[in-house]
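Single-structure report; data block below.
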Amino acid sequence: MLNAQERAHVAQVWDLIAGHEAPFGAELLLRLFTVYPSTKIYFKHLGACPDEVNLLSHGKRMLEAVGVAVQHMDNLRWALSPLADLHAHVLRVDPANFPVVLASHLQGEFTVEMQAAWDKFLTGVAVVLTEKYR
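Start counting the sequence shown at 5; every next residue gets the next number (this note's numbering).
And the structure:
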């Protein structure tokens, strides 16, 4: 899926994200709810107006799962299988709703090459997460 250079870029991006999973994840959720309000139905446990604690907690879990994927780039299917099962069979989340935006936090450190590699990596993650829907 990724060549050696792309893998290095993905690892670099993750190094910039690591340690910030909760705040970055919370912001991702807020952006998701703003841009795609219909996605709130998949997060009923957060309530109609999620508080900061819940957003930070769930945002952290989301990005920790991305961290697992980064650690297992060569075997995404294996690494993400439990999460794919959960989303497809239990939560029944629409697979079109997996947008991830991080560039606003990484700004100058997020080069065009890093973004291209990260996008390719996240496409692979999305493919694995949606395979169980078939």
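Quick reminder that beta carbons are idealized off the backbone N, C-alpha and C, glycines included.
Residue i: first and last residue of the uninterrupted alpha helix (DSSP H) it sits in
| i | result |
| --- | --- |
| ASP89 | 80-89 |
| GLN123 | Position check: residue 123 holds Asp in this sequence, whereas Gln was assumed. Per DSSP, ASP123 belongs to the alpha helix (DSSP H) from 116-134. |
| GLU10 | 8-21 |
8 Å Cβ cutoff met for residue i and residue j
| i | j | result |
| --- | --- | --- |
| GLY71 | ALA22 | yes |
| LYS48 | HIS93 | no |
| HIS76 | TRP82 | yes |
| VAL14 | LEU84 | no |
| LEU80 | ALA69 | no |
| TYR40 | LEU95 | no |
Buried or exposed by the 16-neighbour rule on C-beta atoms within 10 Å, applied to residue i
| i | result |
| --- | --- |
| MET5 | exposed |
| GLU10 | buried |
| TRP18 | buried |
| ALA120 | exposed |
What are the complete beta strand (DSSP E) segments, minimum 3 residues, inside the segment 24-62?
none
May I ask you to verify whether the segment 29-45 touches the segment 61-68, counting CB pairs closer than 8 Å and requiring at least 3?
yes
Contact between the segment 111-129 and the segment 42-57: three or more CB pairs below 8 Å?
no
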